[in-house]
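Engineer: To convert a position in the sequence shown, counted from 1, into this note's numbering, add 462.
Got a structure for you, written out below as structure tokens; questions coming shortly.
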Amino acid sequence: MATNNAGSGSVRTHLLAGCFAISLSVLPLAAQPVSKPVLAAEEELQSDAELYCKNIAASAEEARLSWQTWQLVSLEAKVRQQVEKLERKQQEFEAWVERRERLLSEVEGHVVSIVSRMRPETAAAQLATTDEETAMGVLLKLKARVASNILDEMDPARAAQLTQAMVGFTDPEGAGGF
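Encoded structure:
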């Protein structure tokens with residue numbers, strides 16, 4: 463059943479005015495506070511929706527804050543889980559790097575000693591097929607005379623490439639060169 467709010471507000475206003483007039487005639491004028499009838503009239507003029515919003519504002523604010531707090535707690539838990547996951551991955555990565563470095567240092571010493579005992583032609587053929595960083599690392603650890611003999615036996619383009627890489631490695635500024 464639909465109600466006519468406009469008509470009901472008008473009726474309320476008339477009823478309020480009548481009640482106000484009766485209360486003024488019954489009560490002594492000096493004993494009656496002036497602000498109460500004015501406030502009551504103002505409240506009656508407010509719409510039902512305004513009164514409802516005014517009445518539930520505190521509980522709505524509390525509910526909103528409660529929901530936001532719950533959201534923050536939930537997000538904090540997710541962030542904490544991700545941080546723990548990343549810390550585990552970081553520990554795994556650090557352990558892997560440590561194992562790799564240890565293995566490379568052991569192997570590198572062996573490879574350098576093996577290459578230094580090879581004939582220059584054979585060592586040049588071996589280093590020509592390895593990646594640039596490995597070949598450069600081996601050549602840098604060899605004695606200069608052995609490294610120059612190996613580079614002399616390599617393809618000139620590959621030897622120049624490795625030599626340039628070694629110069630860049632020993633002089634990071636790139637100031638040195640031919």
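Each residue gets a CB set at the ideal place from its N, CA and C atoms; glycine is no exception.
Bear in mind that the values here come from a model prediction, so they are computed numbers and not experimental data.
What separation, rounded to the nearest whole angstrom, lies between the Cα atoms of residue 510 and residue 519?
Structural biologist: Between residue 510 and residue 519, the C-alpha separation is close to 14 Å.
Engineer: Excluding the 5 residues flanking residue 625 on each side, which residues of the same chain have their C-beta closer than 7 Å to its C-beta?
Structural biologist: 613
Engineer: Among 585, 627, 530, which residue has its Cα nearest to the Cα of residue 573?
Structural biologist: 585
Engineer: Alpha carbons only, please: which of 581, 596, 570, 628 is nearest the one belonging to residue 615?
Structural biologist: 581
Engineer: Less than 6 Å between C-beta atoms, sequence neighbours within five positions excluded: which residues of the same chain meet that for residue 594?
Structural biologist: 627
Engineer: Where residue 597 and residue 546 are concerned, what is the direct C-alpha to C-alpha distance, given to the nearest angstrom?
Structural biologist: Between residue 597 and residue 546, the C-alpha separation is close to 40 Å.
Engineer: Could you spell out where the alpha helix (DSSP H) holding residue 614 opens and where it closes?
Structural biologist: 606-615
Engineer: Are residue 609 and residue 601 close, meaning C-beta to C-beta below 7 Å?
Structural biologist: Taking 7 Å as the Cβ cut-off, residue 609 and residue 601 qualify as a contacting pair.
Engineer: Candidates 603, 544, 516: which alpha carbon is nearest residue 567's?
Structural biologist: 603
Engineer: How far does the alpha helix (DSSP H) with residue 591 in it reach, from first residue to last?
Structural biologist: Per DSSP, residue 591 belongs to the alpha helix (DSSP H) from 582-591.
Engineer: Return the CA-CA distance between residue 570 and residue 629, expressed in angstroms with no decimal places.
Structural biologist: 20 Å
Engineer: Taking 8 Å as the limit between beta carbons, can you name the residues of its chain near residue 599, skipping five residues before and five after?
Structural biologist: Only residues of its own chain outside the window of five on either side were considered, and among them 570 have a CB closer than 8 Å to the CB of residue 599, listed in chain order.
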